[in-house]
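Sequential numbering from 1144 applies to the sequence shown in this note's numbering.
Note that the Cβ used here is the ideal one computed from N, Cα and C, for glycine as well.
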Amino acid sequence: MRRPKVYPPTTQKRICRSEFSSCLTCGTRLRRYATLSERPIITLHGPIRLTHCGYRCPNPECPTAPRSYRSATADALALPGFTFGLDIVILAGHLRLAQHQTLDQTHQQLQARLAPFDQTISRREISYLFDAYTTLVRATHEVTDDTAWHEQVRANGGLIISIDGIQPDKGNETVYLVRDVLTGRVLAAENVRVSDTETIKRLLAPVVVLELPVLGAVSDAQESLCQAIAALWPDIPHQLCQFHYLREASRPIYDLDRSLRKQIRKEIQQPIRATREQLERQAAARAKTEPAEAEQLAVLSDYALAVQTALNLDGQQPFKYASLAVDDALSDVAASLGELEKRGVHEAGTVS
Ligand SMILES: [Zn+2]
């Protein structure tokens, strides 16, 4: 049996830099000083190859020159040491705690979510992710008592907080994570149903209680976040994260694109599955009596599989659209089928 041409998801490369471009103490333009990490991360939207660049103030006179500015976006993708992304950690926690699923059910559901990207997750991994989730939720208690971390924050001159909302499901629940951009530490995590200003202020309350100086904030442009930060720390610079900002700005088109992709799938998925099954049945029936014809039917069945996998192609916010990717892939299949028609099944061989 020849290996059919399928559409493997491509690993996206993402380079994350500090959201701040100049030093918060002296205003000098920050300079990249190290690659903090370079690693693969598996997210619900496919695998990513992350390069996380650390920045520093190059001014030797600056009292906070050793301060390392991390990328809030990079830290929001995955916890340190984890290959599976934070979105998967949060989904695992949500399925177990909010939806009361068993470990096996959670495992099955996550496997199904990762299957379109050719990724798998083991049952054991799920329990690690669940442990990570419960640790996250306890984050506030842990930072309160961690004196070594408090020392580190004082050496940095204070905290730069980032706030990030992750939706584990299509429902209205959002898990908000508050993090210190300089140490990468999670300060608070909470599952909320409404994201109004009061809720965000409540989420940030444990950070206020720490009584550590807050130097700045990073977030997307969500209004309730901006208002909550402005109310709690009126004088600090608030950097809007470009990636999140673009993601929010492009959301209407992205949503439209998703529904278009859904429509394409709805129209094609069922007939193509039926066609493929029929081709395979016929090929099997003729394998002995008419091997040449069976071979041709198998090639056509590969085409059907190519179409099936093309329907799984996904987009990536802000600017990669699923329906365009599906359209490109289907056009490739159509072009290859055209070739096949011209040259005959034998010469064309597999889909290229
Ligand atoms: Zn400086």
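Status (buried if at least 16 other CB within 10 Å, exposed otherwise) for residue i
| i | result |
| --- | --- |
| R1160 | buried |
| D1471 | exposed |
| I1158 | exposed |
| S1495 | Residue confidence is low: S1495 scores 41 on pLDDT, short of 50, so the model does not pin down where it sits. No coordinate-derived value is stated. |
| D1117 | The chain is shown from 1144 up to 1495; residue 1117 falls before or after that span and cannot be answered. |
| L1238 | buried |
| E1294 | exposed |
| T1263 | exposed |
| L1399 | exposed |
| Q1382 | buried |
| S1466 | buried |
| N1455 | buried |
| T1277 | exposed |
| P1190 | buried |
| R1486 | exposed |
| R1146 | Bear in mind that the predicted position of R1146 carries a pLDDT of just 44, short of 50, making it too unreliable to give a figure here. |
| C1453 | Per the sequence shown, residue 1453 should be read as Ala rather than Cys. Its Cβ being crowded by 16 or more others within 10 Å, A1453 is buried. |
| V1352 | exposed |
| E1162 | buried |
| P1203 | exposed |
| A1468 | buried |
Option nearest residue i by Cα separation, candidates the options
| i | options | result |
| --- | --- | --- |
| V1476 | S1444, G1314, V1321 | S1444 |
| R1328 | E1354, D1289, K1313, G1308 | D1289 |
| L1257 | G1359, L1234, R1239, F1273 | L1234 |
| T1326 | Q1252, S1367, R1213 | R1213 |
| C1200 | D1247, F1273, C1166, Q1242 | C1166 |
| T1171 | P1183, A1435, C1196, T1207 | T1207 |
| T1216 | S1479, Q1421, L1389 | L1389 |
| R1174 | P1190, S1367, Y1198 | Y1198 |
| Y1176 | C1196, P1183, S1164, L1187 | C1196 |
| G1236 | Y1271, S1474, S1265, K1313 | Y1271 |
| T1226 | V1335, A1255, L1473, E1268 | E1268 |
| W1376 | E1438, P1223, E1354 | E1354 |
| R1210 | P1183, R1297, A1255 | R1297 |
| L1448 | E1420, E1333, R1394 | E1420 |
| A1364 | D1307, I1415, V1318 | D1307 |
| K1156 | F1163, I1185, S1164, E1162 | I1185 |
| R1394 | K1463, A1371, K1409 | K1463 |
| L1473 | T1342, I1415, L1222 | I1415 |
For residue j and residue i, believed in contact at Cβ under 8 Å, the rounded distance
| i | j | result |
| --- | --- | --- |
| C1205 | T1168 | 6 Å |
| V1361 | S1305 | 4 Å |
| G1228 | L1220 | 6 Å |
| A1374 | K1344 | 6 Å |
| L1330 | D1323 | 6 Å |
| R1282 | V1232 | Note that residue 1282 corresponds to Ala in the displayed sequence, not to Arg. That pair is no contact at about 13 Å. |
| I1411 | V1442 | Going by Cβ atoms, the distance from I1411 to V1442 rounds to 20 Å, so no, they are not a contact pair. |
| R1336 | E1316 | 6 Å |
| I1309 | V1318 | 5 Å |
| L1246 | R1266 | 7 Å |
| L1347 | A1371 | 6 Å |
Under the three-state DSSP convention, the category residue i falls into
| i | result |
| --- | --- |
| H1195 | strand |
| A1364 | coil |
| G1189 | strand |
| C1369 | helix |
| E1294 | helix |
| Y1140 | Given that the chain is displayed from residue 1144 to residue 1495, the structure contains no residue 1140 and the question cannot be resolved. |
| L1167 | coil |
| P1377 | coil |
| Y1212 | strand |
| V1476 | helix |
| R1281 | coil |
| S1243 | Note that residue 1243 corresponds to His in the displayed sequence, not to Ser. In this structure, H1243 counts as coil in the three-state DSSP scheme. |
| R1345 | helix |
| T1493 | No answer about T1493 holds up, because its pLDDT of 48 lies below 50 and its placement is not dependable. |
| S1338 | coil |
| R1146 | A caution first: R1146 carries a pLDDT of 44, below 50, which makes its placement in the model unreliable, though a value can still be read off. In this structure, R1146 counts as coil in the three-state DSSP scheme. |
| R1401 | helix |
| T1432 | coil |
| V1351 | helix |
| S1444 | helix |
| L1422 | helix |
| R1328 | coil |
| Y1236 | The sequence given here has Gly at residue 1236, not Tyr. In this structure, G1236 counts as helix in the three-state DSSP scheme. |
| D1288 | helix |
For residue i: DSSP bridge partner residues
| i | result |
| --- | --- |
| Y1319 | G1308, E1333 |
| G1359 | I1303 |
| L1383 | S1362 |
| R1157 | L1193 |
| F1225 | DSSP lists no partner for F1225. |
| A1182 | Going by the sequence as given, residue 1182 is Arg instead of Ala. R1182 is bridged to L1193. |
| R1266 | Paired residue(s): none; R1266 is not in a bridge. |
| R1174 | R1199 |
Residue-chain proximity (residue i, chain B), Cβ-Cβ < 9 Å
| i | result |
| --- | --- |
| A1427 | Among the chains in the structure shown there is no chain B, since it carries only a single protein chain. |
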